[in-house]
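Each residue of the sequence shown is one higher than the one before, counting from 21 in this note's numbering.
The C-beta atom is built at its ideal place from N, Cα and C for all residues, glycine as well.
So the structure is just underneath, and the comments pick up after that.
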Amino acid sequence: MLGAVVSNASAEAEAPVATPSEAAVAAVAPAPAIDTLLKTAQAEMATSQPGDAAAGASKAAACGACHGLDGNSVNPLFPKLAGQHETFIAQQLLQFKVGARVNPLMVAFVAPLSAQDMRDIGAYFATQKIQPGLADDSKISSPLSPYLDQRLVDVGQNLFRGGVSARAVPACMSCHGPTGRGNPGPSYPSIAGQFAAYAATRLNFYRSTKPGDAALTNANFAVMAAIAERLTDEEVLAVTSYLEGLHAAEPAVASATAP
21 MLGAVVSNAS AEAEAPVATP SEAAVAAVAP APAIDTLLKT AQAEMATSQP GDAAAGASKA
81 AACGACHGLD GNSVNPLFPK LAGQHETFIA QQLLQFKVGA RVNPLMVAFV APLSAQDMRD
141 IGAYFATQKI QPGLADDSKI SSPLSPYLDQ RLVDVGQNLF RGGVSARAVP ACMSCHGPTG
201 RGNPGPSYPS IAGQFAAYAA TRLNFYRSTK PGDAALTNAN FAVMAAIAER LTDEEVLAVT
261 SYLEGLHAAE PAVASATAP
């Protein structure tokens, strides 16, 4: 049954989907040239002003066709941007513009954007509230699975909070936080409430990289690639399903009935 909405209350006590073409280009793109372009663009962004959400609202209008006007996409292959950190969104847009990330759908959108535009767009989506989905709480039935008879959502939660020490897989929350909201300082994205399908596509893209790929010049990408390659298909499914249902605990609503 699909039905688990995962609250992160107990824990308190990236851009269009990657495609096969992105993986192919990452493998052949000239890493030094892209690295130089990226550093130049990042230097420009460093001199820009903090994003203005009001200005970003109009600049983000074109994003709405795929990602939703409020950043809550209705297509599970296009990521939700609502609630994502300004700096992370801006950095992803920058990477698309210089070719460090390649997606044909994004080329026309990022081409005219300045560094300030990117920060404004990021600031706008950062003010929006993400709408979480439902985690899969069905039991794993494959007799060959080491997780036989465990609920998929429980396997995902264990991976998120504890990792797999035997394979040197760290807990997701060690970088993305116990609530999945990430850390804007080192540009660790918010992943709570993200579509399982999109998150799985990204993890599988990380798994597909090989030594020498241009994408691995990005330090955070290299870290994720090293972690993702140690996960099984089943674990990718479990942890991404858990993330889709992960959300902030809603405040208790007082009963309208007098005691």
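- Annotation for Tyr262: the continuous alpha helix (DSSP H) segment containing it runs Asp253 to Gly265.
- Around the beta carbon of Glu255, 16 or more other beta carbons sit within 10 angstroms, so the residue counts as buried.
- Here the stretch 156-172 makes no contact with the stretch 114-126; the two share fewer than three CB pairs at distances below 8 Å.
- Only residues of its own chain outside the window of five on either side were considered, and among them Asn92, Lys100, Ala102 and Gly213 have a CB closer than 8 Å to the CB of Gln151, listed in chain order.
- Contact between Leu172 and Cys192 fails: their C-beta atoms lie close to 16 Å from each other, not under 8 Å.
- Non-local C-beta neighbours of Ala220 in its own chain, meaning closer than 7 Å and more than five positions away in sequence, comprise Val256, Leu257 and Thr260, ordered along the chain.
- With fewer than 16 other beta carbons inside 10 angstroms of its own, Glu64 counts as exposed.
- Asp156 sits in a strand when the DSSP states are folded into three classes.
- Nearest to Ala188 by alpha-carbon distance, out of Phe225, Ala217 and Met244, is Met244.
- Nearest to Lys159 by C-alpha distance, out of Gly153, Phe145, Lys149 and Asp174, is Asp174.
- Look at Tyr167 here: in three-state DSSP terms it is coil, with no helix or strand label.
- Within the same chain, no Cβ atom closer than 6 Å to the Cβ of Gly84 is found once the five residues on either side in sequence are excluded.
- DSSP places Asn240 within a helical segment (H, G or I) once states are collapsed to three.
- Annotation: the continuous alpha helix (DSSP H) that includes His196 extends over Met193 to His196.
- Leu57 and Gln170 have their C-alpha atoms spaced approximately 47 Å apart.
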